[in-house]
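A short write-up of the structure that comes next.
Number of protein chains: 2
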Amino acid sequence: MDIRTRLISTAEQLFDRHGFTATGMDRLTQAAGISSRTLYKHVGSKNGLMAAVLNERDRRFHRLVSGDSVDALFGALETWFAEEGARGCLFLRAWGETGGNVQEIAEAMARHKDRLRQRIEGIVVVEIGRPDDELAEAILLLFEGATHAATYRGGAAVDGARRAARRLIEGARTQGLSS
Amino acid sequence: MDIRTRLISTAEQLFDRHGFTATGMDRLTQAAGISSRTLYKHVGSKNGLMAAVLNERDRRFHRLVSGDSVDALFGALETWFAEEGARGCLFLRAWGETGGNVQEIAEAMARHKDRLRQRIEGIVVVEIGRPDDELAEAILLLFEGATHAATYRGGAAVDGARRAARRLIEGARTQGLSS
DNA sequence: GCATGTGTAAAATGATCGTTTTACACTCTC
DNA sequence: GAGAGTGTAAAACGATCATTTTACACATGC
């Protein structure tokens, strides 16, 4: 496995499990099996590593969430949590731990959330045949809610979000027919 | 103002704005205008301070969220964000930064989320005249979603959550009439 | 009038932080 | 076979971390 890939994926695990600030560079280099000199050659700084982790996670996330239905969307979330556990949105956590003051991290967060919103807008069009901002916003909120509520409610959160999304879609469909 | 109250409220602001781990004890004592000796006499440790902040925030939160309707619930959230800004759930953030390994913090988080769930179950009974676990779960998810999505979508997140909750309640009401 | 309690200021504790440096080994390629 | 590139190990950097200690000031109540 490529050295940079290994570094970023072990860093992602440690950051996710123990927090960003709480994870020191010694722990990172030791877990990745590389020297600190190599780490800094590759990512420049700890903030650079954090941003690289987030951008890689964003790619991975959108590879997984590639279906065209709400069932696929929340199914992907369920799979994600089953494999990696649920500890809240890593982008928001990074943003919060850095007080929103680190540009590369704030940008990675904003980019990720923009793409998520676009993904959901696409799903809405497939589900009800037309764009619907209010419905897309609701599904985004349910997705965000499930992501965080799953940390203390487990799989029930994802189930509940999927069911609520289905009901809202059903409502939007019949509303579209009657008007 | 009482010295302990002042300490906890300034600590809450600093933790919320800059993150828990990133906020050092020197900064805390300086901002609160007390010596480090006094701080440790009052809260024992940094983890103790974090737990005290969370428990005080929980009290304040439930004082604000005391209405009996979804409009009151999301109205309270709107007020909260307008006054203090939206940076995600401080309980989940504390839990995440400590890797879930600090007992007093994990307990404060669990207690807060339990109370929130009970609050919402009560609102559901008032709104539709009977308990409804699925509806309560959905509103909890919308609330959690709005709390976090407000960090990057602002007030639109709270609006969207309130509207979606209203639609789900309307659906549950007519369902109750037809069955 | 002397403990007791509660506060301050400031230094010291030892550990850990992110980052850089020094010195050295291996493998390519021209 | 010299030089460039990429890696390691390990020490050093100065700063900052959470916490404790020392020394002192000002109340309170018995």
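These protein sequences, in sequence, are chains C and W. Read in order, the letters of the first sequence correspond to residues 1 to 179 in UniProt numbering. Read in order, the letters of the second sequence correspond to residues 1 to 179 in UniProt numbering. Glycine included, each C-beta is placed from N, C-alpha and C at the ideal position.
Query: Within-9 Å CB hit, Trp95(C) to chain W; Result: yes
Query: Assigned exposure category for Asp2(W) - 16 Cβ within 10 Å defines buried; Result: exposed
Query: Any C-beta of chain W under 9 Å from that of Phe143(C); Result: yes
Query: CA nearest to the CA of His18(C), picked from Leu140(C), Gly85(C) and Thr5(C); Result: Gly85(C)
Query: Test item: CB-CB of Leu135(C) and Leu168(C) under 9 Å; Result: yes
Query: Between the CA atoms of Ile128(W) and Ser179(W) - distance to the nearest angstrom; Result: Note on Ser179(W): pLDDT 48, under 50, position unreliable in the model; the coordinate value appears next. Each residue's alpha carbon lies about 14 Å from the other.
Query: Within chain W, partners of Ala164(C) - CB distance below 7 Å; Result: Ala138, Leu141 and Leu168
Query: Residue environment, Gly88(W), which counts as buried when at least 16 other CB atoms sit within 10 Å; Result: buried
Query: Pair within 9 Å by beta-carbon distance, Glu144(W) and Pro131(W); Result: no
Query: Completely contained alpha helix (DSSP H) runs for the segment 39–71 of chain W, where each covers 4 or more residues; Result: 46–64
Query: C-beta atoms of Glu107(W) and Ala51(W) nearer than 9 Å; Result: yes
Query: Chain C within 9 Å of His18(W), Cβ atoms only; Result: yes
Query: Those runs of the alpha helix (DSSP H) which lie wholly inside the segment 105–159 of chain W and span at least 4 residues; Result: 133–153
Query: Cβ pair Phe15(C), Val65(C) closer than 9 Å; Result: no
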